[in-house]
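Asker: According to mature numbering (1 follows the signal peptide of the UniProt record, and there is no 0), the stretch in the sequence shown is residues -26 to -1, 1 to 266, in order. Starting off with a structure, shown below.
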Amino acid sequence: MWRIKCILSVSLIAVSLHLYIPTISARDVSFDSFVFSQQWLPTFCMHATEEVRIACKIPDMVKNWVIHGIWPESSKKPDPPAFCNSSWHFNESDIKSIEDELKIRWPNVFTSTGRTSFWKHEWEKHGTCAVDKPYIFNEKSYFEMGIKLNKQYNLRHIYERSGIIAVNYTSYKCEDFRNVIKKNWNVESIITCVHSKEHRQYILQTEICFDKSFKPIDCKRDQKCLQCSQKENIWYPPLENTATPDTCSNQQIENNFFTVGKRTPCKSFMGVCTYKNDNSGTSNGVSSRGYC
């Protein structure tokens, strides 16, 4: 349960309100794996606004899943190491050369907090514990590794390629997301959901686990769908600042209850797939089953 509590209680409260959490010293800070956590900001901001009433704004340049953090983890201990070196303070000048990319891939979305507050929190809580040469050896290399993993494990791309599109008119199962990760990287991942006031559940986070050399491995926890009800579908809301995919896959058509027949998927329009019949141009494909 520690991961569930961490996602919002720390990210939405400790980071946003700048609460001081004391460093615990003289303890075992060893670890044997990493969790790379990426979050979906439309869900994150919706939940932040509803639950803790913190103003949240997604930067215009964000087009994809963003980084929550790289978290060391131990299979031998119930709780992960945290705040491992109280003397290793966050220093913005160390990451100045990659800051523009961090604003896109690892942004702070709380408008009432400092621009670097989220980076400071992630470095001091997790980064100081993640140092393990040759891959992570200082503050800059920690954030560079996050950027590298975010590019390499491009969730929006692989979800869309498998027919899982961020739209407001269809929903999915937890296993739909996990199966995509399994198909692409052959590992067991973890999906986290949150629930809206309207009692809908939304995807918040995808976690992929790595060994200490950053090779993907199965996430070890038994529960793979955190806070996700298996009885309900999961909504995957769109980013308001991005266009829908240029093309609609056959899988996407099937997910939206259409018979593909001899139609060719065409460009999307206002988030709705359109289809081109063999003899009749393009028509909007949302009104009914079968041919439009």
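Don't be surprised by glycine CBs; every beta carbon is placed ideally from N, CA and C. These numbers were taken from a predicted model, which means no experiment stands behind them.
Run through DSSP, which three-state label would K236 get?
Answerer: At K236 the pLDDT is 39, less than 50, meaning the model places this residue with poor confidence and gives no usable figure here.
Asker: Do you know offhand how far V141's Cα is from Y133's?
Answerer: Taking the Cα positions, V141 is about 12 Å away from Y133.
Asker: Assign H173 to one of two classes, buried (16 or more other C-beta atoms within 10 Å of its C-beta) or exposed (fewer than that).
Answerer: exposed
Asker: If you follow the alpha helix (DSSP H) that P16 is in, where does it begin and where does it stop?
Answerer: 15 to 25
Asker: Please go through the same chain and pick out, in chain order, the residues whose beta-carbon is closer than 7 Å to the beta-carbon of P46, but skip the five residues on each side of it.
Answerer: F5, F8, P54, P55, H100, C103, A104
Asker: Of the choices G88, D192, K114, whose alpha-carbon is the least far from that of K70?
Answerer: Nearest option by C-alpha distance: K114.
Asker: Mind checking whether H42 and S11 have CB atoms under 8 Å apart?
Answerer: yes
Asker: Using only the alpha-carbon positions, how far apart do E162 and S170 sit?
Answerer: 27 Å
Asker: Excluding the five sequence neighbours on either side, which residues of its own chain have a C-beta within less than 7 Å of the C-beta of C58, listed in chain order?
Answerer: V3, T102, C103
Asker: Check V105 in the structure and name its three-state DSSP category.
Answerer: coil
Asker: Tell me the residue span of the beta strand (DSSP E) that contains E162.
Answerer: Looking at the DSSP string, E162 is not in any beta strand (DSSP E), and its letter there is neither H nor E.
Asker: The alpha helix (DSSP H) with H100 in it runs from where to where?
Answerer: Segment: none, H100 is in no alpha helix (DSSP H) and carries neither H nor E.
Asker: If you measure between the beta carbons of I164 and L200, is that distance less than 8 Å?
Answerer: yes
Asker: Out of W93, P211, H131, which has the shortest C-alpha to C-alpha gap to I44?
Answerer: When the alpha-carbon of I44 is set against those of W93, P211, H131, the nearest one is in W93.
Asker: Cβ of I139 within 8 Å of Cβ of D150?
Answerer: no
Asker: What is the C-beta distance between F188 and Y109, in whole angstroms, given that I count them as a contact (C-beta under 8 Å)?
Answerer: 6 Å
Asker: Around the Cβ of H63, are there at least 16 other Cβ atoms within 10 angstroms (buried) or fewer (exposed)?
Answerer: exposed
Asker: Based on Cα-Cα distance, which residue from E118, N112, Y210, M119 lies nearest to C148?
Answerer: Y210
Asker: Have a look at E181, C167, I177 and flag the residue whose alpha-carbon is nearest the alpha-carbon of K156.
Answerer: E181
Asker: Please name the residue in A22, R135, R195 whose C-alpha comes closest to that of N153.
Answerer: R135
Asker: Counting only runs that start and end within the region 24 to 51, where is the beta strand (DSSP E) found for 3 or more residues in a row?
Answerer: 40 to 47
Asker: Return the chain-ordered list of same chain residues with a C-beta closer than 7 Å to the C-beta of W(-25), the five sequence neighbours on each side being excluded.
Answerer: The predicted model places W(-25) with a pLDDT of 46, which falls under 50 and marks its position as unreliable; any figure quoted below should be read in that light. Cβ neighbours of W(-25) beyond the five flanking positions: D53.
Asker: Using a Cβ-Cβ cut-off of 6 Å (strictly less than) and excluding sequence neighbours within five positions of G235, which residues of its own chain qualify?
Answerer: Unreliable placement is indicated for G235, whose pLDDT of 39 sits below 50; the coordinate value is still reported in the next sentence. None.
Asker: Please state whether DSSP places F117 in a helix, a strand or coil.
Answerer: Secondary structure at F117: helix, using DSSP grouped into helix, strand and coil.
Asker: Can you list, in chain order, the residues of its chain whose CB lies under 6 Å from that of H21, leaving out five sequence neighbours each side?
Answerer: V168
Asker: Contact defined as beta carbons within less than 8 Å: I believe L76 pairs with F117. What is the distance between those atoms, to the nearest angstrom?
Answerer: With 8 Å as the limit, L76 and F117 qualify as a contact, their Cβ atoms being about 6 Å apart.
Asker: Would you tell me roughly how many angstroms separate the C-alpha atoms of H131 and F84, rounded to the nearest one?
Answerer: Roughly 26 Å between the two C-alpha positions.
Asker: For F151, name the three-state secondary structure that DSSP assigns.
Answerer: DSSP, reduced to helix, strand and coil, places F151 within a helical segment of the structure shown.
Asker: Skipping 5 residues on each side, what residues in its chain have a beta carbon closer than 7 Å to that of E73?
Answerer: Counting only Cβ-Cβ distances below 7 Å, and skipping sequence neighbours, we find nothing.
Asker: For I69, which of helix, strand or coil comes out of DSSP?
Answerer: In this structure, I69 counts as helix in the three-state DSSP scheme.
Asker: Please classify Y143 as buried or exposed, where buried requires at least 16 neighbouring CB atoms within 10 angstroms.
Answerer: exposed
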